[in-house]
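Colleague: Throughout the sequence shown, residue numbering follows the UniProt record's numbering, covering 1 to 640 in sequence. Note that CB positions come from ideal geometry on N, CA and C, so glycine has one too.
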Amino acid sequence: MEENKFDYKQFIGFGLIALIGVYWLNTMKPTEEEAAAAEAEKAKTEQVTTQTADTTKTAVVAETTLDLTDSLQLAKYKNASGAFGYNAENVPMDGVTTLENQLLSLKISNKGGQIVEVHVKGQKVKGKFEKLTTYDSLPVYLIKDGNSSFGLNLTTSENRVINTIDRGFEPTYTETDSTKVLSMKLKVAADKYLEYRYELKDDYMIDFTVRSQGLNGMINASQPINMEWKLKSFRHAKSMTYENRYTDLHYEYEDGKDSYLGQATDEEKLSDVTWLGYKQHFFSSILLTDVAFKTATLSTENIVDPEMAEKDVKFLKQFGASIPLELSGGELNYTMDMYHGPTDYDTLSHYERNLDEIVPLGWGIFGWINRFFLIPLFGFLGSFLPAGIAIIVMTILVRLLLSPVTYKSYVSQAKMKVIRPEIAEINEKFKDDAMKKQQATMKLYGKAGVSPMAGCIPALMQIPVFYALFMFFPSAFELRQKSFLWAEDLSSYDTIYQFPDGFSIPLYGDHISLFPILASIAIFFYMKMTTGQQMSSMQQPSQEGMPDMSKMMKYMMYFSPLMMLFFFNNYASGLSLYYFVSNLITIGIMLVIKKYIIDEDKIHAKIEENKKKPKKQNRFQKKMQDMMEQAEAQKKAKGK
1 MEENKFDYKQ FIGFGLIALI GVYWLNTMKP TEEEAAAAEA EKAKTEQVTT
51 QTADTTKTAV VAETTLDLTD SLQLAKYKNA SGAFGYNAEN VPMDGVTTLE
101 NQLLSLKISN KGGQIVEVHV KGQKVKGKFE KLTTYDSLPV YLIKDGNSSF
151 GLNLTTSENR VINTIDRGFE PTYTETDSTK VLSMKLKVAA DKYLEYRYEL
201 KDDYMIDFTV RSQGLNGMIN ASQPINMEWK LKSFRHAKSM TYENRYTDLH
251 YEYEDGKDSY LGQATDEEKL SDVTWLGYKQ HFFSSILLTD VAFKTATLST
301 ENIVDPEMAE KDVKFLKQFG ASIPLELSGG ELNYTMDMYH GPTDYDTLSH
351 YERNLDEIVP LGWGIFGWIN RFFLIPLFGF LGSFLPAGIA IIVMTILVRL
401 LLSPVTYKSY VSQAKMKVIR PEIAEINEKF KDDAMKKQQA TMKLYGKAGV
451 SPMAGCIPAL MQIPVFYALF MFFPSAFELR QKSFLWAEDL SSYDTIYQFP
501 DGFSIPLYGD HISLFPILAS IAIFFYMKMT TGQQMSSMQQ PSQEGMPDMS
551 KMMKYMMYFS PLMMLFFFNN YASGLSLYYF VSNLITIGIM LVIKKYIIDE
601 DKIHAKIEEN KKKPKKQNRF QKKMQDMMEQ AEAQKKAKGK
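(1) Would you mind reading off the limits of the beta strand (DSSP E) that contains ARG197?
(2) Leaving out the 5 sequence neighbours to the left and right, which residues in its chain are closer than 7 Å to ARG353 when beta-carbon positions are compared?
(3) Taking the alpha-carbon positions, what's the ALA296 to THR156 distance?
(4) Could you compute how far the alpha carbon of SER513 sits from the alpha carbon of ARG211?
(5) Taking Cβ to Cβ, would you say TYR193 is nearer than 9 Å to VAL181?
(6) Entirely within the region 299–376 and at least 4 residues each: give me those alpha helix (DSSP H) ranges in chain order.
(7) Entirely within the region 192–277 and at least 4 residues each: give me those alpha helix (DSSP H) ranges in chain order.
(8) Taking 9 Å as the threshold (C-beta atoms), are ASP489 and ARG480 in contact?
(9) Using the rule of at least 16 other Cβ atoms within 10 Å of the residue's Cβ for burial, across every protein chain shown, is GLU175 buried or exposed?
(10) Between which two residues does the alpha helix (DSSP H) carrying GLY574 extend?
(11) Please classify GLY122: is it buried, with 16 or more other beta-carbons within 10 angstroms of its beta-carbon, or exposed?
(12) In whole angstroms, what separates the C-alpha of LYS29 from that of PHE282?
(13) List the endpoints of the continuous beta strand (DSSP E) containing ILE163.
(14) Does the contact criterion of 3 or more C-beta pairs under 8 Å hold for the region 559–570 versus the region 499–516?
(15) Who are TYR141's beta bridge partners in DSSP?
(16) Our contact map puts LEU249 next to TYR278 with C-beta atoms below 8 Å; I'd like the distance itself, whole angstroms only.
(17) Please name the residue in GLY388, LEU377, ARG235, GLY113 whose C-alpha comes closest to that of VAL398.
(18) Distance check for VAL273 and GLU252, CA to CA, integer angstroms please.
(19) Would you kindly report the start and end of the unbroken beta strand (DSSP E) that includes ILE419?
(20) Since TYR173 is in the beta strand (DSSP E), which residue starts that stretch and which ends it?
(21) Could you give the C-beta distance for VAL405 and GLN318, rounded to a whole number, given that I count them as a contact under 8 Å?
(22) May I have the straight-line CA-CA distance separating LEU348 from ILE358, to the nearest angstrom?
(23) Using the rule of at least 16 other Cβ atoms within 10 Å of the residue's Cβ for burial, across every protein chain shown, is ASP344 buried or exposed?
(24) Enumerate in chain order the residues of its own chain whose CB-to-CB distance from THR134 is below 7 Å, with the five nearest sequence positions on each side excluded.
(25) Taking DSSP's pairing of strands, which residues face LEU154 in a bridge?
(26) According to DSSP, is LEU479 part of a helix, a strand, or is it coil?
(27) According to DSSP, is GLY509 part of a helix, a strand, or is it coil?
(28) Work out the CA separation of ASP432 and PHE372 for me, nearest whole Å.
(29) Among ASN302, VAL304, MET416, PRO464, which has the Cα closest to the Cα of MET442?
(30) Could you tell me which residues DSSP puts in a beta bridge with SER409?
(31) Would DSSP call TYR497 helix, strand or coil?
(32) Taking DSSP as the reference, what is the three-state secondary structure of ALA80?
(33) Helix, strand or coil, according to DSSP, for residue 642 in the structure here?
(34) So, ILE143 versus SER271, is the Cβ gap smaller than 9 Å?
(35) Whole angstroms are fine: how far does the CA of PRO224 sit from the CA of ILE165?
(36) One question on the structure: do PHE150 and ILE115 come within less than 9 Å of each other, judged by their Cβ atoms?
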């Protein structure tokens with residue numbers, strides 16, 4: 001929306017969880033196996049995994065009837081030869097079940113049946129597994145330590161309000177070769193329950209179902225059934241300010257429209273929502289539904305304390321969603337998906353659900369340039385080059401592609417420079433008559449075949465590419481934690497000097513980055529070349545009432561590099577590297593054009609030849625001349 005990883009090493013997964021026997025028991029006498037099961041319950045860990053890829057294990061729950069309004073308490077597992085059932089006095093409500101693949105590890109709690117931990121372990125790059133960590137080499141967690149809550153608020157037919165977050169769910173785990181399935185049931189009876197069903201394959205996307213069975217008439221349909229999902233976003237990057245800028249809430253609504261809530265605290269009620277995503281810059285948690293939610297109230301709150309030191313910041317934003325669910329035939333039945341993984345364009349676009357809109361690539365033509373040119377180009381270069389070298393090669397290719405535009409702009413400036421003496425004569429001749437001076441100048445431009453706008457139009461044509469690149473670098477997941485020269489992470493700022501603790505320069509930061517300094521120097525020399533050329537072709541005496549453009553351009557020549565220095569000190573070093581290389585290449589192209597391509601004597605001779613030829617005016621020029629002649633006539637009429 002901005003990043004790459006470290007060494008290509010195979011990630012060592014979590015150790016296999018202890019195997020708890022689940023078999024039927026016909027005797028009441030305690031056995032050694034029962035003692036082992038009791039020991040496991042005291043440790044309050046209940047995790048079931050498969051022994052082989054072809055083996056399916058299912059935990060079967062004894063039929064027991066409980067009141068929905070009571071706190072459902074999960075019983076301890078019995079030994080290998082017995083069943084497990086309910087024990088209302090000895091309840092491991094903090095028990096969790098782990099669903100895990102190579103990319104993702106989820107922990108689902110018995111309490112509330114909700115996901116209480118999401119560990120994004122890594123990603124597949126060029127067919128290899130690549131481990132993911134935070135800026136300080138810690139595992140990447142999107143949910144952990146109570147930063148998220150998910151549940152339903154509903155009312156029973158007896159008008160009792162139930163919050164499923166506080167209730168105990170009964171887990172049933174099944175595993176096959178490629179799929180892990182966990183059913184979490186909040187039971188009223190053996191055949192009457194509310195179920196959350198999680199299905200994990202070899203992917204970041206989780207099939208998620210919310211449904212009920214046998215509860216027809218037990219839920220008060222006249223009261224709202226609200227699904228509530230809240231999440232506080234963790235900080236994962238070195239720059240809290242930079243990461244917070246790209247942390248926001250995105251959503252799709254009304255048949256394909258997409259938008260997002262701003263950086264400030266905000267709340268919005270929407271219709272026909274098909275997905276909503278909590279984006280934490282380079283990682284996202286997204287909830288998708290097959291059938292659009294009729295309404296949803298989404299909220300975001302910026303919880304970062306501006307006075308807090310960056311090293312003390314743990315959370316950036318508080319996200320929230322309140323979504324009314326509807327009964328169908330007296331039952332709940334919603335088929336959804338959950339995504340927990342990288343905010344990577346290629347990964348998200350793979351699902352064909354418009355999720356790539358979460359990546360901030362720019363609107364309109366800017367987004368098209370990124371999607372159909374810059375992303376494929378960088379992906380191709382990055383497939384065989386280190387990230388820093390890929391940026392340099394991409395910069396060279398982009399500048400070569402735009403070199404014809406640079407050439408036309410420079411030729412136009414050279415022509416303006418050639419006719420500068422004649423413009424000076426016109427200024428002197430008509431110094432007391434601005435209208436005649438303008439008419440004479442326009443006539444000279446027409447005869448010489450010169451247009452003052454010819455130098456501006458090529459520059460304007462480059463703006464979409466420059467803006468697209470400005471959006472691309474902060475959003476490129478491929479740059480995350482990829483180093484180049486002294487920059488440890490091209491998706492974050494580089495540091496050559498860190499100011500002492502507590503010291504920071506307003507608008508600049510608490511460090512010095514070298515790439516923005518180099519980029520600023522390159523921009524200064526580029527502007528000195530182009531601005532000097534433009535100023536030399538301008539009318540020296542300013543028209544009455546008009547600002548002195550040459551002075552304004554001179555100020556810009558110094559102001560722009562200074563702005564670059566301050567603005568980009570906290571931006572991704574990959575972006576500063578691009579601007580540095582880009583301006584060096586542009587300066588080189590302009591020097592080649594000036595020394596080997598442009599011949600001012602030939603240009604002057606051609607202009608003189610053009611003056612002798614009858615010049616046919618285009619519609620715009622004719623209209624401008626007519627307007628000036630009318631203005632001149634009106635002026636004379638008033639003078640009489």
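Modeller: The answer reads as follows:
(1) Counting from 1 along the sequence shown, the entry for residue 197 is found at position 197. From DSSP, the beta strand (DSSP E) with ARG197 extends over 192–200.
(2) Taking the sequence shown and counting its residues from 1, the one referred to as residue 353 is at position 353. Answer for ARG353: TRP275, LEU288, listed in chain order.
(3) Position 296 of the sequence shown, counting from 1, holds the residue named residue 296. Position 156 of the sequence shown, counting from 1, holds the residue named residue 156. Distance between the alpha carbons of ALA296 and THR156 is about 22 Å.
(4) As a first step, residue 513 must be located in the sequence shown, where it is residue number 513. As a first step, residue 211 must be located in the sequence shown, where it is residue number 211. Using only the alpha carbons, I get a separation of about 53 Å.
(5) Taking the sequence shown and counting its residues from 1, one reaches residue 193 at position 193. Taking the sequence shown and counting its residues from 1, one reaches residue 181 at position 181. Going by C-beta atoms, TYR193 is not nearer than 9 Å to VAL181.
(6) 345–349, 365–369
(7) 240–245
(8) Reading the sequence shown from its first residue, position 480 is the one you call residue 480. Reading the sequence shown from its first residue, position 489 is the one you call residue 489. For ARG480 and ASP489, yes; Cβs fall inside 9 Å.
(9) Taking the sequence shown and counting its residues from 1, one reaches residue 175 at position 175. Answer is buried; the Cβ neighbour count reaches 16.
(10) Counting from 1 along the sequence shown, the entry for residue 574 is found at position 574. Counting along the chain, the alpha helix (DSSP H) containing GLY574 begins and ends at 573–592.
(11) By 1-based counting over the sequence shown, the position of residue 122 is 122. So GLY122 ends up on the buried side.
(12) Taking the sequence shown and counting its residues from 1, one reaches residue 29 at position 29. Taking the sequence shown and counting its residues from 1, one reaches residue 282 at position 282. Residue placement at LYS29 cannot be trusted, given a pLDDT of 40 that sits under 50; what the coordinates show is reported in the next sentence. Near 56 Å, if we compare the C-alpha coordinates of PHE282 and LYS29.
(13) What you label residue 163 is simply residue 163 of the sequence shown in a count that begins at 1. Before going on, a small fix: residue 163 reads as Asn here, not Ile. Start and end: 161–163.
(14) yes
(15) In the sequence shown, counting from the first residue as 1, residue 141 sits at position 141. HIS119, per the DSSP bridge assignment.
(16) Taking the sequence shown and counting its residues from 1, the one referred to as residue 249 is at position 249. Taking the sequence shown and counting its residues from 1, the one referred to as residue 278 is at position 278. Going by Cβ atoms, the distance from LEU249 to TYR278 rounds to 6 Å, so yes, they are a contact pair.
(17) For this step, residue 398 is matched to residue 398 along the sequence shown. Nearest C-alpha to VAL398: LEU377.
(18) Start at 1 with the first residue of the sequence shown, and residue 252 comes out as number 252. Start at 1 with the first residue of the sequence shown, and residue 273 comes out as number 273. Distance between the alpha carbons of GLU252 and VAL273: 6 Å.
(19) Here residue 419 corresponds to residue number 419 of the sequence shown, with the count starting at 1. Unbroken run through ILE419: none, as it is neither H nor E.
(20) As a first step, residue 173 is located in the sequence shown; it is residue number 173 there, counting from the start. Taken as a continuous stretch (DSSP letters only), the beta strand (DSSP E) holding TYR173 covers 170–175.
(21) On the sequence shown, position 405 is the one that residue 405 refers to. On the sequence shown, position 318 is the one that residue 318 refers to. Contact doesn't hold; Cβ gap of about 46 Å is too wide.
(22) Mapped onto the sequence shown, residue 348 falls at position 348. Mapped onto the sequence shown, residue 358 falls at position 358. When rounded, the distance between both Cα atoms is 9 Å.
(23) Against the sequence shown, residue 344 aligns to sequence position 344. With 16 or more other Cβ atoms within 10 Å, it is buried.
(24) Residue 134 sits at position 134 when you count from the first residue of the sequence shown. Same-chain partners within the cutoff: VAL140, HIS236.
(25) In the sequence shown, the residue the question calls residue 154 occupies position 154. DSSP output for LEU154 lists ILE162 as bridge partner(s).
(26) Start at 1 with the first residue of the sequence shown, and residue 479 comes out as number 479. Correct three-state label for LEU479: helix.
(27) The residue you call residue 509 lines up with position 509 of the sequence shown. Correct three-state label for GLY509: strand.
(28) Taking the first residue of the sequence shown as 1, we reach residue 372 at position 372. Taking the first residue of the sequence shown as 1, we reach residue 432 at position 432. In a straight line, the C-alpha of PHE372 is about 55 Å away from that of ASP432.
(29) Counting from 1 along the sequence shown, the entry for residue 442 is found at position 442. Out of ASN302, VAL304, MET416, PRO464, MET416 has the C-alpha closest to the C-alpha of MET442.
(30) Taking the first residue of the sequence shown as position 1, residue 409 is located at position 409. In the DSSP output, where bridge partners are listed per residue, SER409 has none listed.
(31) If you number the sequence shown from 1, residue 497 lands on position 497. Three-state result, TYR497: strand.
(32) Within the sequence shown, residue 80 is the residue found at index 80, counting from 1. With a pLDDT of only 28 at ALA80, under the threshold of 50, the placement of this residue in the model should not be trusted; the figure read from the coordinates follows. Reduced to three states, the DSSP call for ALA80 is coil.
(33) Beyond the ends of the chain as shown, which are 1 and 640, falls residue 642; an answer cannot be given.
(34) Stepping through the sequence shown from its first residue, residue 143 is reached at position 143. Stepping through the sequence shown from its first residue, residue 271 is reached at position 271. Not a contact, by the Cβ cut-off of 9 Å.
(35) Residue mapping note: residue 165 aligns to position 165 of the sequence shown, counting from 1. Residue mapping note: residue 224 aligns to position 224 of the sequence shown, counting from 1. Cα-Cα distance, rounded: 17 Å.
(36) Taking the sequence shown and counting its residues from 1, one reaches residue 150 at position 150. Taking the sequence shown and counting its residues from 1, one reaches residue 115 at position 115. Result yes, Cβ atoms of PHE150 and ILE115 sit closer than 9 Å.
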